[in-house]
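Numbering (our numbering), first residue to last: 15 to 251. Quick reminder that beta carbons are idealized off the backbone N, C-alpha and C, glycines included.
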């Protein structure tokens, strides 16, 4: 029986590494993952919703919009660091707006902190239409799962990536490093993340919005709008 696996991360996880000798083919999302499968591999990219490829470019100027997405369930570490950075960001020479997906657990607490800080923000437990949220953002603060990274590339968005430290084999860190080395994203290790560091990285980009445009252009280099078709065609083949 012919078998094809899909490996969307820069570093294959345990199961896909164990399957490497026995599968017929491997559709990989990153060039870095192809070496694990040798001649069985094709770099197809990671299939994402077509709407991400239609996200329009933004003219980066004040007031800037920051989108915080810590995964579908939110990230407590990112939530806590972001709200603590608000006072630091408030002293900048530009205005900003925050769209913050908190997850259900932290929603009420985070919403109250923003209210007390009188920060212009939209606090949501979950975002259904992520492409629309991307379209509004000048900068996205995100985890670095395979889907998140592929969506950022498809939409051509500048980002600060904070890999989930508990991810198996640190695959989120490796995903983020691929984009960081290309100048397509910034990388902050959760173990080193502080409100001061997060605020400093955001301020650097908003003080020099041309950097946002450069990151966007480089992120688009990783976009593969035909990934789903390539994978489907290969399966049929």
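Quiz item: Would a C-beta distance cut-off of 7 Å place residue 232 and residue 198 closer than the cut-off?
Solution: Contact flag set, yes.
Quiz prompt | residue 42 (DSSP reduced to helix, strand or coil) | solution = Correct three-state label for residue 42: strand.
Practice problem: Run the CB neighbour count on residue 190, radius 10 Å, all protein chains shown included, and call it buried at 16 or more, exposed below. | Solution: By the neighbour-count rule (16 or more Cβ atoms within 10 Å), residue 190 is buried.
Quiz item: Is it right to say residue 75 is buried, meaning 16 or more other beta carbons lie within 10 angstroms of its own, or is it exposed?
Solution: With a threshold of 16 other beta carbon atoms within 10 Å, residue 75 falls short and is exposed.
Practice problem: Please determine, among 64, 200, 46 and 31, the residue with the shortest C-alpha to C-alpha distance to residue 176. | Solution: For residue 176, the nearest C-alpha among the options comes from 200.
Exercise. Output the residue ranges of the alpha helix (DSSP H) runs that lie fully inside the stretch 38-121 and measure 4 residues or longer, sorted by chain position.
Key: Taking 4 residues as the shortest admissible run, the stretch 38-121 contains the following complete alpha helix (DSSP H) segments, listed from N- to C-terminal end: 45-48 and 90-103.
Quiz item: Are the CB atoms of residue 134 and residue 78 nearer to each other than 7 Å?
Solution: Their beta carbons are not under 7 Å apart, which means residue 134 does not touch residue 78 by this criterion.
Quiz prompt | Cross-strand partners of residue 156 (DSSP beta bridge) | solution = Partner(s): 83 and 175.
Quiz item: Sorted by chain position, which residues of the same chain lie with C-beta nearer than 7 Å to residue 17's C-beta, five sequence neighbours on each side aside?
Solution: Correct list, in chain order: 37 and 38.
Quiz prompt | Secondary structure of residue 137, DSSP reduced to three states | solution = Three-state DSSP puts residue 137 in a strand.
Practice problem: Put residue 20 into one of helix, strand or coil per three-state DSSP. | Solution: Reduced to three states, the DSSP call for residue 20 is strand.
Self-check item: Extent of the continuous alpha helix (DSSP H) run through residue 191
Solution: From DSSP, the alpha helix (DSSP H) with residue 191 extends over 185-195.
Quiz item: Can you round the beta-carbon distance between residue 30 and residue 43 to whole angstroms, since I take them to be within the 8 Å contact cut?
Solution: Contact doesn't hold; Cβ gap of about 11 Å is too wide.
Quiz item: Pick from 90, 188 and 97: whose alpha carbon is nearest that of residue 132?
Solution: Ranking the options by Cα distance to residue 132, first place goes to 97.
Practice problem: Would you list, in sequence order, the uninterrupted alpha helix (DSSP H) runs of no fewer than 4 residues that lie entirely inside the stretch 206-243? | Solution: Along the stretch 206-243, the alpha helix (DSSP H) occurs as fully enclosed runs of 4 or more residues at 209-221 and 223-234, listed in sequence order.
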